[in-house]
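See below for the structure under consideration.
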Amino acid sequence: MSVHVDAAGNIRGCYSATQPSMPRLLIGSHLDTVPRAGAFDGVLGVVLGVALVNLLAGRRLNFQIEVVGFSEEEGVRFGVPFIGSRALAGTAGDIDVLVLDAIRAFGLDPSRIGEARVGDDALGYLEFHIEQGPLLESLDFPLGVVEAIVGQSRVDVVFEGKANHAGTTPMNLRRDALAGAAEWICKVESEAQATHGLVATVGRLQVQPGAGNVIAGTALASLDVRHADDAIRKRAVAAIQEHANEIATRRGLSVSWECRLDQASVAMDPLLMENLKHSVRVSGYPLHQMVSGAGHDAMIMATRMPAAMLFLRSPGGISHHPDENVRAEDVAAALMAGEAFLEKLRESALS
Ligand code: HGY
Ligand code: MN
Ligand code: MN
Numbered sequence: 000m001s002v003h004v005d006a007a008g009n010i011r012g013c014y015s016a017t018q019p020s021m022p023r024l025l026i027g028s029h030l031d032t033v034p035r036a037g038a039f040d041g042v043l044g045v046v047l048g049v050a051l052v053n054l055l056a057g058r059r060l061n062f063q064i065e066v067v068g069f070s071e072e073e074g075v076r077f078g079v080p081f082i083g084s085r086a087l088a089g090t091a092g093d094i095d096v097l098v099l100d101a102i103r104a105f106g107l108d109p110s111r112i113g114e115a116r117v118g119d120d121a122l123g124y125l126e127f128h129i130e131q132g133p134l135l136e137s138l139d140f141p142l143g144v145v146e147a148i149v150g151q152s153r154v155d156v157v158f159e160g161k162a163n164h165a166g167t168t169p170m171n172l173r174r175d176a177l178a179g180a181a182e183w184i185c186k187v188e189s190e191a192q193a194t195h196g197l198v199a200t201v202g203r204l205q206v207q208p209g210a211g212n213v214i215a216g217t218a219l220a221s222l223d224v225r226h227a228d229d230a231i232r233k234r235a236v237a238a239i240q241e242h243a244n245e246i247a248t249r250r251g252l253s254v255s256w257e258c259r260l261d262q263a264s265v266a267m268d269p270l271l272m273e274n275l276k277h278s279v280r281v282s283g284y285p286l287h288q289m290v291s292g293a294g295h296d297a298m299i300m301a302t303r304m305p306a307a308m309l310f311l312r313s314p315g316g317i318s319h320h321p322d323e324n325v326r327a328e329d330v331a332a333a334l335m336a337g338e339a340f341l342e343k344l345r346e347s348a349l350s
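Its first residue numbered 0, the sequence shown is counted upward by one per residue in numbering that gives the first Met the number 0.
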């Protein structure tokens, strides 16, 4: 493949077709991950793309294949996700100055990010990814065809009270930001438990000044809310914000609310899904169609081209954790289905 790194740090390898002007299929996933992660979230999808090209052993098809390793998807480092795929989709928008500095520090020129945008010759986008949940394992199925990816909201929430001495400040005179945040976090959990299909998480909490003998003056929390139905998700976010305001008022705190992501749920492309389902069946594996609770670059790529995802079973249903794993026989199954997918695409491009 001819390989280059684009101005957003995406690694892009192109495998040419029988003719230079033929359209391209993109196969990819992300190279970044989360703190104390496993070894498969994201990178497995990139390696499977390379492996599929490798299996072609020089045989050229009636479409090009571009394998993409996206530079940033998780949103852990800069607070906003999908930086790599948004550059490729042409929806990067205003890029945070910290991101621009990191791109320059990496030796790239952020003024050229516009050049990362994929052309209009794209046939579609295929992403292989671990399921990151318990479903396929519960069915004892190696593969799952994704029909949709749930929408997600990410918010930075800051409770401000008054730091003070832990020994001399009576309980009724306190404006304890951490106690307020703790009460709110329990409300986040009960809101999600009361709404079918909703998940809500406070995964990060920073407390200032952070000393055991000082009442917390500031508590900075992350909020992550997801649901397949965008209206239900938005209603839940509004209710959770109302809880924050009520708790802050009652406790003499102030609360700030900065929405960092409001990502609508995305349906996968019906035609590519049919091709994937056909490919799983002809490869001799049981078929299961499912919704993804995790966000993926496919939801960004879907704004520019037909997108599809194939999940591999997550042993133990665990991910974003060092125990994240994948079975070798399931990787073989994904490769077999991937080969059938390419063949089906080749045939349909002929017709
Ligand atoms: O957070 C997610 O859903 C994914 O891991 N980026
Ligand atoms: Mn992830
Ligand atoms: Mn991922």
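Note that the Cβ used here is the ideal one computed from N, Cα and C, for glycine as well. Bear in mind that the values here come from a model prediction, so they are computed numbers and not experimental data.
DSSP three-state assignment for residue 317, whether helix, strand or coil: Residue state for residue 317 is assigned as coil, using DSSP reduced to three classes.
Inter-stretch contact at 8 Å, needing at least 3 Cβ pairs: the segment 330-345 / the segment 281-293: Taking 8 Å as the limit for Cβ pairs, the verdict is that the segment 281-293 does touch the segment 330-345.
N- and C-terminal bounds of the alpha helix (DSSP H) containing residue 264: First-last for residue 264: undefined, no H or E at that position.
Closer than 7 Å: residue 32 CB and nearest ligand 2 heavy atom: Checking the Cβ of residue 32 against ligand 2 gives yes.
Of the residues 53, 43, 68, the one placed nearest residue 324, counting alpha carbons only: Out of 53, 43, 68, 43 has the C-alpha closest to the C-alpha of residue 324.
Where residue 151 falls, given that 16 or more other Cβ within 10 Å makes a residue buried: Buried, since its Cβ has 16 or more Cβ neighbours within 10 Å.
Heavy atom of ligand 3 within 7 Å of residue 320 beta-carbon: False, no ligand heavy atom lies under 7 Å from that Cβ.
Whole-angstrom C-beta distance between residue 146 and residue 267, which should lie under 8 Å: Indeed, because the Cβ distance is near 6 Å, the residues count as touching under 8 Å.
Buried or exposed (CB count within 10 angstroms, at least 16 for buried), residue 12: Result: buried.
Closer than 7 Å: residue 72 CB and nearest ligand 3 heavy atom: Between ligand 3 and residue 72, a heavy atom-to-CB distance of less than 7 Å is present.
Three-state secondary structure assigned by DSSP to residue 130: DSSP places residue 130 in coil when its eight states are reduced to three.
Enclosing beta strand (DSSP E) for residue 151 [first to last residue]: Unbroken beta strand (DSSP E) run through residue 151: 150-159.
Simplified DSSP assignment, three categories, for residue 199: DSSP places residue 199 in strand when its eight states are reduced to three.
Straight-line Cα distance separating residue 122 from residue 304: Taking C-alpha positions only, residue 304 is separated from residue 122 by approximately 7 Å.
Residue 37: CB within 7 Å of a non-hydrogen atom of ligand 1: Because no heavy atom of ligand 1 lies under 7 Å away, the Cβ of residue 37 does not count as near it: no.
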